[in-house]
Amino acid sequence: MKHFFLFGILLVSFSAFGQSKKEIKNNKIKSIAVWQADVENGKTVTYKDSYEEFDKQGRSILKIEYNKEGKIKRKKTAKFDSFNNKIEVTEFDLKDSINIKKTFKYNALKDKTEETEYNSAGAVIKKTTFKYDDNGNKVSEITNNATGNVIKKVDFKYNEKNIKVEKHNYKGANKLESVRKWVYEYF
Numbered sequence: 032m033k034h035f036f037l038f039g040i041l042l043v044s045f046s047a048f049g050q051s052k053k054e055i056k057n058n059k060i061k062s063i064a065v066w067q068a069d070v071e072n073g074k075t076v077t078y079k080d081s082y083e084e085f086d087k088q089g090r091s092i093l094k095i096e097y098n099k100e101g102k103i104k105r106k107k108t109a110k111f112d113s114f115n116n117k118i119e120v121t122e123f124d125l126k127d128s129i130n131i132k133k134t135f136k137y138n139a140l141k142d143k144t145e146e147t148e149y150n151s152a153g154a155v156i157k158k159t160t161f162k163y164d165d166n167g168n169k170v171s172e173i174t175n176n177a178t179g180n181v182i183k184k185v186d187f188k189y190n191e192k193n194i195k196v197e198k199h200n201y202k203g204a205n206k207l208e209s210v211r212k213w214v215y216e217y218f
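In the working numbering, the protein residues as written are 32 to 218.
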């Protein structure tokens, strides 16, 4: 009986993680709890491993991971606007002492234009702005710290087919750190 119970828990765990967003939406799944059963010194120890909630569109809006003692290891929440854009994420990680919130803004074409990260007190840690060309290609990402100084910059270049061919990473506004190039061969 113990083996059947353990197999059942493992089967549910694997099938829950295998659900796509479409399957979650179509089957109207509101939440998934994953239970873990470990055999330690000949005894089965069962505990809640994770819990995830979804909205009616099948998007993950809450995910909690637990340790064996049942305490929260990580927690992540997400909010979406009426255009299906993710507009806010909160992340808590006990082990790494992370407790942040990120907000996102988008243009009319649903391209992300701004990402702001806040600490647990609500103060801005950093803000990244994204720029696009007339073809909708992302051409730059500029990250500023809380005082407005540029801490990171990334520029992108595209070929005549609007395919990315170069990525330039800068520390600060102008100190080039790396360049990545893509070379394409066509039929």
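For every residue, glycine included, the Cβ atom is placed at its ideal position computed from N, Cα and C.
Keep in mind the model is a prediction, meaning the values are calculated, not measured.
Exercise. Hey, which unbroken runs of the beta strand (DSSP E) at 3 residues or more fall wholly within the region 103-143?
Worked result: 103-111, 117-124, 129-137
For this session: Have a look at Thr134 and Ala152 and give me their C-alpha separation to the nearest angstrom.
Result: Along the sequence shown, read from residue 1 onward, the residue named residue 134 stands at position 103. Along the sequence shown, read from residue 1 onward, the residue named residue 152 stands at position 121. Answer to the nearest angstrom: the Cα atoms are 15 Å apart.
For this session: Mind checking which residues open and close the alpha helix (DSSP H) that includes Glu54?
Result: To locate residue 54, count along the sequence shown from 1; it is residue 23. From DSSP, the alpha helix (DSSP H) with Glu54 extends over 52-57.
Problem set entry | Straight-line gap, Leu140 to Asn130 (C-alpha atoms, nearest Å) | Working through the sequence shown from its first residue, we reach residue 140 at position 109. Working through the sequence shown from its first residue, we reach residue 130 at position 99. Spanning the two alpha carbons is a distance of roughly 31 Å.
Exercise. Under the three-state reduction of DSSP, which class applies to Asp86: helix, strand or coil?
Worked result: Position 55 of the sequence shown, counted from the first residue, corresponds to residue 86. Looking at Asp86 - three-state DSSP - the assignment turns out to be coil, as it is neither helix nor strand.
For this session: Can you give me the Cβ contacts of Thr144 inside the same chain, cut-off strictly under 7 Å, excluding the 5 residues immediately before and after it?
Result: What you label residue 144 is simply residue 113 of the sequence shown in a count that begins at 1. Taken in chain order, the residues that qualify are Lys136, Tyr137, Asn138, Thr160, Phe161.
Exercise. With distances taken between CB atoms, is the gap from His199 to Val181 smaller than 8 Å?
Worked result: On the sequence shown, residue 199 is found 168 positions in, with the first residue counted as 1. On the sequence shown, residue 181 is found 150 positions in, with the first residue counted as 1. For His199 and Val181, no; Cβs fall outside 8 Å.
Exercise. Expressed to the nearest angstrom, what Euclidean distance is found between the alpha-carbon atoms of Glu84 and Asn205?
Worked result: Sequence index remark: in the sequence shown, residue 84 carries index 53 (1-based). Sequence index remark: in the sequence shown, residue 205 carries index 174 (1-based). Near 43 Å, if we compare the C-alpha coordinates of Asn205 and Glu84.
Problem set entry | Identity of the residues DSSP links to Tyr217 by a beta bridge | Looking up residue 217 in the sequence shown gives position 186. Looking at the DSSP assignment, Tyr217 forms no beta bridge with any residue, so it has no partner.
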